[in-house]
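Residues 0 to 228, numbered by numbering that gives the first Met the number 0, are exactly what the sequence shown covers, in order.
All C-beta atoms in this analysis are idealised placements derived from N, C-alpha and C, irrespective of residue type, glycine included.
Report on the following structure.
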Amino acid sequence: MSILKSGPGSTQFLDITGQRFGKLVALNYIGKRLWWCRCDCGKELLRCGKLMRTGKLKSCGCAIKDFNEQRHLKHGHSRAGKETRTYRIWLGMKQRCLNPIFGAHHGRGIRVCESWNNFPQFLADVGECPSDQHSLDRINNDGNYEPGNVRWATSAEQSRNQRCTRMITFKGKTQCLTDWCKELGISKTTFYHRDKRKLTIEQLLAPPRKWRSPLYNHPEVKAAQKGAR
Ligand SMILES: [Zn+2]
Numbered sequence: 000m001s002i003l004k005s006g007p008g009s010t011q012f013l014d015i016t017g018q019r020f021g022k023l024v025a026l027n028y029i030g031k032r033l034w035w036c037r038c039d040c041g042k043e044l045l046r047c048g049k050l051m052r053t054g055k056l057k058s059c060g061c062a063i064k065d066f067n068e069q070r071h072l073k074h075g076h077s078r079a080g081k082e083t084r085t086y087r088i089w090l091g092m093k094q095r096c097l098n099p100i101f102g103a104h105h106g107r108g109i110r111v112c113e114s115w116n117n118f119p120q121f122l123a124d125v126g127e128c129p130s131d132q133h134s135l136d137r138i139n140n141d142g143n144y145e146p147g148n149v150r151w152a153t154s155a156e157q158s159r160n161q162r163c164t165r166m167i168t169f170k171g172k173t174q175c176l177t178d179w180c181k182e183l184g185i186s187k188t189t190f191y192h193r194d195k196r197k198l199t200i201e202q203l204l205a206p207p208r209k210w211r212s213p214l215y216n217h218p219e220v221k222a223a224q225k226g227a228r
């Protein structure tokens with residue numbers, strides 16, 4: 000009944016003929032609150048008068064399409080053939096988690112958080128990849144790709160965070176193998192060779208021995224070396 004009342008002649012009827020709402024111009028009343036409209040893009044279609052008046056409808060739908068296209072172009076990361084490193088890494092992240100065949104993380108149940116399915120949101124949270132040496136690293140390796148668990152890191156920084164990294168407790172301090180080697184000046188190769196022999200933890204992490212020839216400090220050898228120069 001309110002539909003009938005809202006037609007021409009009723010006190011509630013608002014004539015919006017010729018009025019503009021965003022990209023839409025109301026041309027004439029059809030009935031049942033619907034108006035025949037023309038959009039700026041040239042398309043003509045029916046629109047509900049009330050929705051237009053209250054600002055809920057502003058185009059034939061092309062405005063939303065334009066908005067999405069602009070938003071897509073705005074970050075400029077996904078232009079075909081010129082995808083940025085950040086964008087490629089974002090795609091790879093989704094692939095690893097979502098693809099049941101190639102996704103290395105799929106079987107481990109690691110997920111990409113809902114909002115990061117949207118690249119601009121990912122970009123806003125994580126920022127751009129700082130260099131070609133950096134890639135995406137999860138701080139907790141069993142955690143998801145989500146704000147707070149992800150950072151840009153170089154491969155050296157990442158290897159320290161790998162699942163296979165060995166944690167070693169020595170003199171009351173626990174840290175990963177890479178950090179121990181760095182702190183004590185042992186190369187990983189040295190450690191590897193020591194590890195194959197069954198050594199104690201003290202022997203494993205002992206400072207590297209420098210091999211010196213028994214003749215190293217011999218005066219005659221020194222003199223000969225000086226003479227050779
Ligand atoms: Zn349109």
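Quiz item: Under 8 Å, do Leu45 and Ile29 count as touching if we go by C-beta distance?
Solution: yes
Self-check item: Inter-stretch contact (C-beta, 8 Å, three-pair minimum) for the segment 73 to 83 and the segment 105 to 115
Solution: no
Quiz prompt | Ser114, DSSP secondary structure in three states | solution = helix
Quiz item: Apart from the five residues just before and just after Ile2, which ones in its own chain have a Cβ nearer than 6 Å to its Cβ?
Solution: The predicted model places Ile2 with a pLDDT of 47, which falls under 50 and marks its position as unreliable, so this point remains unresolved.
Quiz item: Where do the ends of the beta strand (DSSP E) carrying Thr168 lie?
Solution: 166 to 169
Quiz item: Nearest to Pro207 by alpha carbon, out of Lys195, Lys225, Ser186, Asn216?
Solution: Ser186
Self-check item: Secondary structure of Ala79, DSSP reduced to three states
Solution: coil
Quiz item: Mapping DSSP to helix, strand and coil, what is Leu3?
Solution: With a pLDDT of 49 at Leu3, under the threshold of 50, the predicted position of this residue should be treated as unreliable, though the coordinate-derived value follows. Helix, per DSSP.
Self-check item: Spatially closest choice to Ile138 from Lys221, Ser130, Asp131, Gly147, by CA coordinates
Solution: Gly147
Quiz item: Residue ranges of each alpha helix (DSSP H) run of no fewer than 4 residues wholly in the segment 163 to 207, ordered along the chain?
Solution: 176 to 183, 187 to 195, 200 to 203
Self-check item: Option nearest Phe118 by Cα separation, candidates Ala152, Asp136, Pro129, Thr83
Solution: Thr83
Quiz item: How would you label Ser130, buried or exposed, when you count the other beta carbons within 10 angstroms and need 16 or more for buried?
Solution: exposed
Quiz item: Since Glu43 sits in a beta bridge, which residues does DSSP pair it with?
Solution: Arg37
Self-check item: Candidates Cys128, Gly21, Gly184: closest to Cys59 by CA position
Solution: Gly21
Practice problem: Using only the heavy atoms of ligand 1, determine whether one of them is closer than 7 Å to the beta carbon of Lys22. | Solution: yes
Self-check item: As assigned by DSSP and simplified to three states, the class of Phe121
Solution: helix
Quiz item: Is Cys36 near ligand 1, going by C-beta to nearest heavy atom under 7 Å?
Solution: no
Quiz item: Distance, Cα to Cα, Gly226 vs Lys209?
Solution: 25 Å
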